[in-house]
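Here is the structure we will look at.
Protein chains: 2
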Amino acid sequence: MPRPEPTDDDLRAAIRGAGLRATRGRMVVLGTVITADGPVSHAELAEALGGFDRATVYRNLMDLADAGLLRRFDVDHVWRFEALSLEPGDPRHPHFVCTDCGQVECLPVMGFEVSERVPAAVAARQIDVQMRGVCDDCR
Amino acid sequence: MPRPEPTDDDLRAAIRGAGLRATRGRMVVLGTVITADGPVSHAELAEALGGFDRATVYRNLMDLADAGLLRRFDVDHVWRFEALSLEPGDPRHPHFVCTDCGQVECLPVMGFEVSERVPAAVAARQIDVQMRGVCDDCR
DNA sequence: AGCGCATTTGCAATCGCTTTGCTTTTACGC
DNA sequence: GCGTAAAAGCAAAGCGATTGCAAATGCGCT
Numbered sequence: 213m214p215r216p217e218p219t220d221d222d223l224r225a226a227i228r229g230a231g232l233r234a235t236r237g238r239m240v241v242l243g244t245v246i247t248a249d250g251p252v253s254h255a256e257l258a259e260a261l262g263g264f265d266r267a268t269v270y271r272n273l274m275d276l277a278d279a280g281l282l283r284r285f286d287v288d289h290v291w292r293f294e295a296l297s298l299e300p301g302d303p304r305h306p307h308f309v310c311t312d313c314g315q316v317e318c319l320p321v322m323g324f325e326v327s328e329r330v331p332a333a334v335a336a337r338q339i340d341v342q343m344r345g346v347c348d349d350c351r
Numbered sequence: 213m214p215r216p217e218p219t220d221d222d223l224r225a226a227i228r229g230a231g232l233r234a235t236r237g238r239m240v241v242l243g244t245v246i247t248a249d250g251p252v253s254h255a256e257l258a259e260a261l262g263g264f265d266r267a268t269v270y271r272n273l274m275d276l277a278d279a280g281l282l283r284r285f286d287v288d289h290v291w292r293f294e295a296l297s298l299e300p301g302d303p304r305h306p307h308f309v310c311t312d313c314g315q316v317e318c319l320p321v322m323g324f325e326v327s328e329r330v331p332a333a334v335a336a337r338q339i340d341v342q343m344r345g346v347c348d349d350c351r
């Protein structure tokens with residue numbers, strides 16, 4: 213899931229390609245999310261990027277997510293963000309949430325059998341899947 | 213999902229069976245959630261139960277959820293609660309949460325394939341699975 | 001390269017849901 | 001009925017999310 217460090221030109225192109233201004237803050241936010249170990253929260257990112265104001269980090273996360281460069285999802289009342297894969301037909305992978313420590317990690321995409329008694333979104337796999345349990349560190 | 217009005221004895225037995233004191237507040241909270249049309253939030257419940265302090269409603273919801281009588285869901289940063297079914301069956305079936313209206317529905321247990329790169333809890337199926345998307349009513 | 005303007009940032013603050021501290025009240029075992 | 005631990009009420013605090021406004025800045029155009 214961690215990816216190679218994108219170049220400044222990569223970041224600038226992606227951001228401007230999404231119709232946004234390629235500001236320093238946005239490039240740093242996007243680059244940090246891309247290279248992160250897993251989904252990052254606003255607070256984690258604001259702390260890691262000491263040189264930017266929290267409100268700026270928040271706005272940049274939201275702008276990038278609205279523009280389609282980041283995926284935003286909700287885990288226990290906290291927004292988390294991760295970079296969208298550049299691969300075509302990016303499948304939404306599940307996430308595992310530790311009920312003890314709150315750690316969130318990405319899981320590989322899993323196939324699952326669908327019966328006919330499920331909502332259409334589930335049948336079409338247009339869903340985000342969260343699995344909750346106790347992680348290996350807390351067991 | 214809405215259920216017949218439980219009797220006071222039903223409520224008292226359920227609460228005490230879960231190891232809690234069967235206070236008036238808890239019986240009213242549990243009874244209201246059981247008969248609700250769908251998952252209810254703390255704020256909705258506190259408003260509906262005018263005679264109880266908001267903090268008390270909160271604590272009772274949490275106590276009942278911790279005791280296993282209610283299930284708690286996170287929908288758009290708001291906790292929602294619903295009564296657990298008293299029917300025997302696999303308690304660990306997945307749930308589908310609508311990201312628009314917050315409606316939660318039970319899904320049939322699905323088999324899924326597990327690769328070797330997952331936490332032990334996932335491999336052992338000791339997880340709760342939650343799927344999020346737009347329900348059929350909101351599509 | 002400079003200008004102008006719309007957009008972004010930093011600072012400060014607010015918002016809404018959640019949670020807690022402390023004293024008084026109460027459920028319930030004996 | 002008594003005693004005690006748990007629960008309730010009141011007041012307050014906490015936390016993540018979000019916003020207002022003035023200053024700074026990206027970028028198209030000349």
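From first to last, the protein sequence lines are chains Z and Y. Read in order, the letters of the first sequence correspond to residues 213 to 351 in the working numbering. Read in order, the letters of the second sequence correspond to residues 213 to 351 in the working numbering. Every residue gets a Cβ at the ideal spot worked out from N, C-alpha and C, and that includes glycine.
I'd like to know whether the C-beta of residue i is nearer than 8 Å to at least one C-beta of chain Y.
i: M322 (chain Z); result: yes
i: F308 (chain Z); result: yes
i: P300 (chain Z); result: For P300 (chain Z), the pLDDT reaches just 47, beneath the cut-off of 50, and the residue's location in the model is therefore unreliable, although a value from the coordinates is still provided. Not one chain Y Cβ lies under 8 Å of P300 (chain Z).
i: A200 (chain Z); result: Outside the displayed range of chain Z (213 to 351) lies residue 200 (chain Z), so it cannot be described from this structure.
i: L177 (chain Z); result: Since the displayed chain Z opens at 213 and closes at 351, residue 177 (chain Z) lies outside it and no answer follows.
i: D249 (chain Z); result: no
i: D286 (chain Z); result: yes
Terminal residues of the continuous alpha helix (DSSP H) containing residue i?
i: L276 (chain Y); result: R266 to D278
i: L223 (chain Z); result: D220 to G229
i: H254 (chain Y); result: H254 to A260
i: V241 (chain Z); result: R236 to T247
To the nearest angstrom, how far is it from the Cα of residue i to the Cα of residue j?
i: R233 (chain Z); j: Q342 (chain Z); result: 33 Å
i: T247 (chain Z); j: V326 (chain Z); result: 34 Å
i: G231 (chain Z); j: G280 (chain Y); result: 48 Å
i: A333 (chain Y); j: D348 (chain Z); result: 8 Å
i: H305 (chain Y); j: A277 (chain Z); result: 31 Å
i: D265 (chain Y); j: D288 (chain Z); result: 25 Å
i: G229 (chain Y); j: R329 (chain Z); result: 33 Å
i: E317 (chain Z); j: G262 (chain Y); result: 41 Å
i: D286 (chain Z); j: A335 (chain Y); result: 24 Å
i: T311 (chain Z); j: R283 (chain Y); result: 14 Å
i: D221 (chain Z); j: V240 (chain Z); result: 12 Å
i: C313 (chain Y); j: C350 (chain Y); result: 7 Å
i: T219 (chain Z); j: G250 (chain Z); result: 20 Å
i: R236 (chain Z); j: H307 (chain Z); result: 30 Å
i: V321 (chain Z); j: L296 (chain Z); result: 14 Å
i: A225 (chain Z); j: L257 (chain Z); result: 22 Å
i: L223 (chain Z); j: R238 (chain Z); result: 9 Å
Could you tell me whether the Cβ of residue i comes closer than 8 Å to any Cβ of chain Z?
i: H289 (chain Y); result: yes
i: S327 (chain Y); result: yes
i: P216 (chain Y); result: no
i: R351 (chain Y); result: yes
i: D312 (chain Y); result: no
i: R344 (chain Y); result: yes
i: V341 (chain Y); result: yes
i: D348 (chain Y); result: yes
If you drop the 5 nearest sequence neighbours on each side, which residues of the same chain put their C-beta closer than 7 Å to that of residue i?
i: V252 (chain Y); result: V245, R292 and F293
i: H254 (chain Y); result: V269, Y270, L273 and W291
Terminal residues of the continuous beta strand (DSSP E) containing residue i?
i: A336 (chain Z); result: Unbroken run through A336 (chain Z): none, as it is neither H nor E.
i: R292 (chain Z); result: V290 to A295
i: D286 (chain Z); result: L282 to V287
Looking only at its chain, what residues have a beta carbon closer than 6 Å to the beta carbon of residue i, apart from the 5 residues adjacent to it on each side?
i: I339 (chain Y); result: A333
Among the candidates the options, whose CA atom is the shortest distance from the CA of residue i?
i: Q315 (chain Y); options: Z:C313, Z:P331 and Z:L223; result: Z:P331
i: E217 (chain Y); options: Y:G243, Y:I227, Y:G262 and Y:T311; result: Y:G243
i: V193 (chain Z); options: Z:V346, Z:D275 and Z:F324; result: Residue 193 (chain Z) lies beyond the range of chain Z shown here (213 to 351); nothing can be said about it.
i: D275 (chain Z); options: Z:R344, Z:F324 and Z:I227; result: Z:I227
Within 7 Å: the Cβ of residue i and any heavy atom of the ligand FMN?
i: Q338 (chain Z); result: Looking at this structure, you won't find the ligand FMN or any other ligand, since it has none at all.
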